[in-house]
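**Q**
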Amino acid sequence: MTVTVLVVDDSKLARIVAGKAIAALQPDWTRVEAGSAADALGIVETQQIDIAILDFNMPDKDGLELASELRVDYPNMPIAVITANVQDEIIARVRALNATFVAKPVTQEALTGFISGAALRLKKAGT
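Structure below.
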């Protein structure tokens, strides 16, 4: 089964960088991009999304709000929140949502643990 990763960031460059890192780690996975939380919510309503990588700082809604909304309908979806805002409070809020904190800049190395763990969770779930 194909795994689909949703990358949500208001920066096109950040989406490209994250996409390249994902492609290097899991070349068979499909990547879908959204430039805002609203776009992301529209995408998850219309297609199967297995994993979400969310920017924390976006203009319409931050990544924590989006992660919280996704958790309602997708309680087991692997979610990562990426940000340069490395504060204990932010990290704790990300973890409270059962999500993974990834510090910017997003690199292949930074995403390795999250992507490996997500792949394992999906395999165990039979996806």
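For the sequence shown, this note's numbering gives the first residue as -16, with consecutive numbering after it. For glycine and all other residues, C-beta sits at the position ideal for the given N, C-alpha and C. Computed from a prediction, not measured in an experiment: that's the story for all the values here.
1) Strictly by DSSP, which residues pair up with aspartate 38?
2) Grouping DSSP H, G and I as helix and E and B as strand, with all else coil, what is valine 0?
3) Looking at the unbroken beta strand (DSSP E) that takes in alanine 50, where does it start and where does it end?
4) My guess is that asparagine 59 and alanine 108 are in contact by the Cβ rule of under 8 Å, so how many angstroms apart are they, rounded?
5) Can you tell me which of the three DSSP states threonine 95 falls into?
6) Would alanine 82 and alanine 50 be called neighbours here (beta carbons separated by less than 8 Å)?
7) Quick check on threonine 66: buried or exposed, where buried means 16 or more other Cβ atoms within 10 Å of its Cβ?
8) Tell me whether leucine -11 sits in a helix, a strand or coil according to DSSP, three-state version.
9) In this structure, does DSSP put threonine 29 in helix, strand or coil?
**A** The short version:
1) Translated into the one-based positions of the sequence shown, residue 38 becomes position 55. According to DSSP, aspartate 38 bridges with Ile65.
2) Locating residue 0 in the sequence shown gives position 17, counting from the first residue. Three-state result, valine 0: helix.
3) The sequence position of residue 50 within the sequence shown is 67, counting from 1. Counting along the chain, alanine 50 falls outside any beta strand (DSSP E), though it belongs to the alpha helix (DSSP H) covering 46 to 56.
4) Translated into the one-based positions of the sequence shown, residue 59 becomes position 76. Translated into the one-based positions of the sequence shown, residue 108 becomes position 125. So it is a contact: roughly 7 Å between Cβ atoms.
5) If you number the sequence shown from 1, residue 95 lands on position 112. It is helical.
6) Residue numbering aside, residue 82 sits at position 99 when the sequence shown is read from its first letter. Residue numbering aside, residue 50 sits at position 67 when the sequence shown is read from its first letter. Yes.
7) Position 83 of the sequence shown holds residue 66. Threonine 66 should be labelled buried.
8) Start at 1 with the first residue of the sequence shown, and residue -11 comes out as number 6. Strand, per DSSP.
9) Position 46 of the sequence shown, counted from the start, is the residue given in the question as residue 29. Three-state DSSP puts threonine 29 in a helix.
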